[in-house]
């Protein structure tokens, strides 16, 4: 677990905050059993606090339903990027969407959505493609975006190489931090973001068996 010790050094030096740890490690931490003897007490407290936060929220990822009103988050996503929203886009139906919901104030709340498809075009052979990943502003920095990506990755067929997406420039650091590799391509040949130079193609490769 040497890689986690590197996070410990950065945390103790003040180079990374607990919120950033939550965003980067939250999905992995929630299922781990940590030995307090292996870590600095302050870092261990931060890790266990993140674990409790993830468990307390009652996080569930499930397919969207018609009554989830996911179009509202889709519209917010387009507005944030300055894109024109098309409610008739057949590729963005609830049937193709996963939602992440948590417990908040004794009710279930959808914090984010992800539209994805398997091999949607020839250039994405043996890959999943994320069309939209959007987390509501007030829920960002808690690892929910990575939770949705991890859930998709866990469902990939064994022959698949990984996941691709076109990321807005504002999200480049997020995708790099969770393992996506910048391909250097700056336009999207197909889909919602065709010919938009403000986006870059990123790929996440599955670990070799």
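In the numbering used here, the protein residues as written are 33 to 241. By construction, the Cβ of each residue, glycine as well, lies at the ideal position given by its N, Cα and C atoms. On a predicted model such as this, the values are computed, not experimentally measured, just so you know.
- Distance between residue 113 and residue 68, taken at the CA atoms: about 43 angstroms.
- Annotation: the continuous beta strand (DSSP E) that includes residue 132 extends over 129-136.
- By the Cβ test, the segment 51-70 is not in contact with the segment 145-161, since fewer than three Cβ pairs between them sit closer than 8 angstroms.
- Membership of residue 48 in any alpha helix (DSSP H) is not indicated, and neither H nor E is assigned to it by DSSP.
- Annotation for residue 35: no residue places its beta carbon closer than 7 angstroms to its own, counting only its chain and skipping 5 residues before and after.
- With respect to the 7 angstroms criterion, residue 194 and residue 58 are not classified as neighbours on the basis of their beta carbons.
- Here the alpha carbons of residue 170 and residue 93 stand approximately 18 angstroms from one another.
- Just measuring C-alpha positions, the residue of 52, 37, 146 and 116 sitting nearest residue 73 is 37.
- Secondary structure note for residue 176: its alpha helix (DSSP H) is the uninterrupted segment 176-186.
- Counting along the chain, residue 36 sits inside the alpha helix (DSSP H) bounded by residues 34-44.
- Nearest to residue 177 by C-alpha distance, out of 200, 104, 159 and 145, is 145.
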